[in-house]
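Top to bottom, those sequences are chains E and D. If you number the first sequence the way the working numbering does, the last residue is 247 and the count never jumps. If you number the second sequence the way the working numbering does, the last residue is 421 and the count never jumps. Here a beta-carbon is modelled for each residue, glycine too, at the ideal position from N, C-alpha and C. Since we're looking at a predicted model, the values are computed, not measured. Shown next, in structure tokens, is the structure this report addresses.
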Amino acid sequence: MRARLGKAENSEYPMQTKALQDLIDAFAKLPGIGRKSATRLAFYLVRQPEEVSQELADAILSAKERIRFCETCQNLCENSPCERCSKPVRDENVLCVVESPQDLIAIEATREFHGRFHVLHGAISPLEGITPNDLKIRELMARLTESSFTEIILAMNPSIEGEATAAYLKRLIEPLGITLSRIASGLPMGAQLEYADKATLGRSLLDRRTL
Amino acid sequence: MFIETLEIEHFRNLSSVHLEFSKGFNVLYGANAQGKSNLLEAIYTLSFLKGFRADRLSDLIEFEGERARLSAVVCTGSSHTRLGVELEAKCRHAYVDGVPCARARDYLGLLRSILFVPMDVGFLQAAPASRRTMLDRMVFTLKPSYLIDLEQYQKVCKQKSAVLRAENPDESLLDVYDAQLLQLGTRLLEARYEYMVLLSPHVARVFKAIFDSSCHCVPVYKSSSLFDPVVFDSDSGMIGLDVLIKSYRDALEKGRSREIARQQIVLGPHRDDWSLSLDGRQAKFFASQGQQRAMSLAMKIAEIECLRVEADIEPVFLLDDVSSELDPVRHKRLFEYLNALTAQTFLTTTSKEHVHLESIGRIFRVENGSIVHEQQ
Ligand SMILES: [Zn+2]
């Protein structure tokens with residue numbers, strides 16, 4: 037008898053070994069991967085020659101070993117401070133705060149921004165267990181007291197979580213007397229910066245409004 | 046407006062369905078749990094980008110499937126539009142004539158449907174949550190942007206509840222969510238209020254026409270932050286919208302310690318309720334059985350009339366097995382009314398015998414996820 041793959045929604049196919057089940061569970065914990073995709077990945081890997089798994093494992097471990105947070109902008113890098121933070125920029129006094137490295141790349145690609153970046157690595161979402169302490173907010177505040185920024189652009193996503201994060205940061209930064217602005221709402225609610233087209237995102241940076 | 050064709054892939058138990066509909070009555074019959082309501086829910090999802098029996102998008106996707114696809118050709122006047130919806134566990138995409146819509150608000154409203162489910166018949170005695178769902182549905186059918194505000198309001202409620210459940214709730218985070226709630230909640234209250242103002246004369250008129258011309262029946266809104274209910278009767282002079290909003294704002298400001306103690310959001314539009322008043326008395330307690338049945342029918346017809354008169358929209362009707370709930374007299378009345386409207390109607394029933402219609406457009410037999418057009 038053959039095990040019918042994928043029939044059981046919550047894992048535990050009777051004929052599956054524990055090792056395979058562990059691998060599926062590990063994949064399923066990754067963002068964007070459901071049980072079905074996790075199962076497909078696990079079966080694919082065990083059928084491939086051992087080198088494939090070795091290469092993947094090595095890549096994961098060496099990335100984990102070499103990649104760190106930049107001490108200045110908190111973006112991921114191999115050497116801290118990162119390349120971006122080591123180079124001069126045109127608008128030294130403007131800081132753009134983003135949720136993720138992907139958002140940073142999206143904003144950089146618009147060529148409308150020539151200041152510094154700060155990456156929070158997420159947005160506040162108590163429902164998913166993400167509190168302000170889980171983000172690089174402490175590092176942001178430390179950076180603001182040490183540097184001489186005159187404007188902070190809050191470039192969180194136009195989502196409930198992004199808006200909440202921006203509002204939370206506003207309360208923290210306002211007493212410092214630095215001008216705060218929020219990217220314009222030309223972006224659709226629920227849109228993700230990393231997927232927004234360059235023109236729209238560029239426009240929303242130029243049209244940013246002071247908070 | 047009416048739906049010409051509908052294609053469904055991997056939506057609940059409907060793996061692959063391709064149908065052509067009548068502009069008039071479409072009857073779907075079959076035993077329970079075969080997929081009749083799923084077809085109605087597919088049409089509903091094309092209208093509102095969400096199901097009417099699902100909490101999560103993933104509930105709408107076929108077991109083992111990764112995404113569901115819906116596509117319909119909708120005729121409004123002389124124009125044909127192809128609407129498409131793609132559902133994945135965590136996201137939804139909408140298309141108009143193959144072009145993706147960047148924002149839900151660009152899509153919502155292109156297909157208007159009015160849903161009639163058995164719960165609507167007993168709404169006066171139902172739980173407040175079901176009644177709220179019924180009201181929200183009426184409001185966003187007339188005003189689609191309300192649905193976007195509603196979904197966002199519900200998201201913020203979930204975030205705030207999560208903070209309240211934490212050991213030491215972060216008060217500055219609560220302030221942030223309260224500001225979001227106040228903004229969105231105010232918009233919900235405004236929309237509900239405006240809707241009830243429009244709906245009220247229709248309810249009064251329809252009830253007089255179908256039941257008793259001497260009885261006066263109007264909707265009532267019960268805010269969770271206001272002691273007195275708002276009676277939507279222009280004769281008796283109702284409490285203003287500003288009072289409603291102010292009481293909500295005050296409740297948010299003053300309710301903090303109570304919310305922290307109870308670890309939940311105590312007040313707000315998501316806790317409000319509504320009802321009907323009959324000659325100045327609460328219909329829920331004082332109306333007879335017959336009056337209550339007439340009221341549920343009057344509510345539905347008033348909802349349709351409100352949409353037709355106030356927005357000049359001819360919606361499609363989705364009747365999910367209401368024959369079993371509505372008594373024969375009221376049942377006949379409803380169908381006479383729908384017949385006269387000449388609107389496109391989709392009707393599910395367990396037996397063809399329950400349907401007494403002069404002119405059925407098309408009959409479909411639904412069995413185990415397959416839907417077959419039956420030649421008459
Ligand atoms: Zn850096």
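- Query: Assuming D/V265 and D/P274 make a contact with CB atoms under 8 angstroms, what is their CB distance in whole Å?
  - Reply: With a beta-carbon spacing of about 5 angstroms, D/V265 and D/P274 fall inside the 8 angstroms limit used to define contacts.
- Message: Under DSSP, the beta strand (DSSP E) around D/I284 begins and ends at which residues?
- Response: Per DSSP, D/I284 belongs to no beta strand (DSSP E) and is neither H nor E.
- Query: Are three or more beta carbon pairs between the segment 72–89 of chain D and the segment 411–421 of chain D nearer than 8 angstroms?
  - Reply: As far as the Cβ criterion goes, the segment 72–89 of chain D touches the segment 411–421 of chain D, which means the pair count is three or higher.
- Item | 7 angstroms CB neighbourhood of E/P117 in its chain, flanking five on each side removed | C106, E107 and T108
- Query: Relative to the C-alpha of E/T215, which residue among E/S184, E/D58 and E/S122 is closest?
  - Reply: E/S184
- Item | Unbroken beta strand (DSSP E) run spanning D/G129, endpoints | S124 to E133 is the extent of the beta strand (DSSP E) around D/G129.
- Query: Is the closest heavy atom of ligand 1 to the C-beta of D/C351 under 7 angstroms?
  - Reply: Distances taken from the Cβ of D/C351 to the heavy atoms of ligand 1 include none shorter than 7 angstroms.
- For D/F136, verify whether its CB is less than 7 angstroms away from any heavy atom of ligand 1. Note that residue 136 of chain D is Cys in the sequence shown here, rather than Phe. Not so, every heavy atom of ligand 1 lies at least 7 angstroms from the Cβ.
- Is there contact between the segment 124–133 of chain D and the segment 104–113 of chain D, where contact requires at least three CB pairs shorter than 8 angstroms? yes
- Task: Excluding the 5 residues preceding and the 5 following E/V130 in the sequence, name in chain order all residues of the same chain whose CB lies nearer than 6 angstroms to its CB.
- Result: G151 and E187
- To the nearest angstrom, how far is it from the Cα of D/K188 to the Cα of E/R126? 47 angstroms
- Message: Using a Cβ distance threshold of 8 angstroms, determine whether the segment 209–224 of chain D contacts the segment 255–262 of chain D, with at least three qualifying pairs required.
- Response: no
- Item | 6 angstroms Cβ shell around D/V72 - same chain, five flanking residues per side excluded | Closer than 6 angstroms at Cβ, skipping near neighbours: L392, V400, I405 and I408.
- Task: Could you tell me which chain D residues have their CB closer than 9 angstroms to the CB of E/P168, listed as they occur along the chain?
- Result: Ordered by position in chain D, the residues that pass the 9 angstroms Cβ test against E/P168 are D215, S217 and L218.
- Closer than 7 angstroms at the beta carbon, the chain E residues around D/E111: K72
- Task: Please name the residue or residues paired with E/S161 in a DSSP beta bridge.
- Result: E/I166
- Query: CB of D/Q150 to nearest heavy atom of ligand 1: below 7 angstroms?
  - Reply: In the sequence under discussion, the amino acid at residue 150 of chain D is Arg, which differs from the Gln named in the question. Placement of the Cβ of D/R150 at a distance of 7 angstroms or more from every heavy atom of ligand 1 is found.
- So, is the C-beta of D/K95 closer than 8 angstroms to a C-beta in chain C? As a matter of chain content, chain C is missing from the structure shown, whose protein chains are E and D.
- Task: Identify every residue that forms a DSSP beta bridge with D/C262.
- Result: D/L323
- Message: Let me confirm a value: E/L190 is counted as buried when at least 16 other C-beta atoms fall within 10 Å, else exposed. Which label applies?
- Response: buried
- Check whether the Cβ of E/S161 lies closer than 8 angstroms to any Cβ atom in chain D. yes
- Since E/S135 meets chain D, which of its residues come closer than 8 angstroms, beta carbon to beta carbon? In the sequence on display, residue 135 of chain E carries Glu and not Ser. What E/E135 touches in chain D: nothing, since even the nearest Cβ is about 16 angstroms away.
- Please confirm whether any heavy atom of ligand 1 lies closer than 7 angstroms to the CB of E/N111. Indeed, a heavy atom of ligand 1 lies less than 7 angstroms from the Cβ.
- Length-filtered (3 minimum) beta strand (DSSP E) runs lying within the segment 77–151 of chain E: Fully enclosed beta strand (DSSP E) runs of 3 or longer: 130–134.
- Item | Whole runs of the alpha helix (DSSP H) within the segment 135–172 of chain D, excluding any shorter than 4 residues | 149–152 and 163–166
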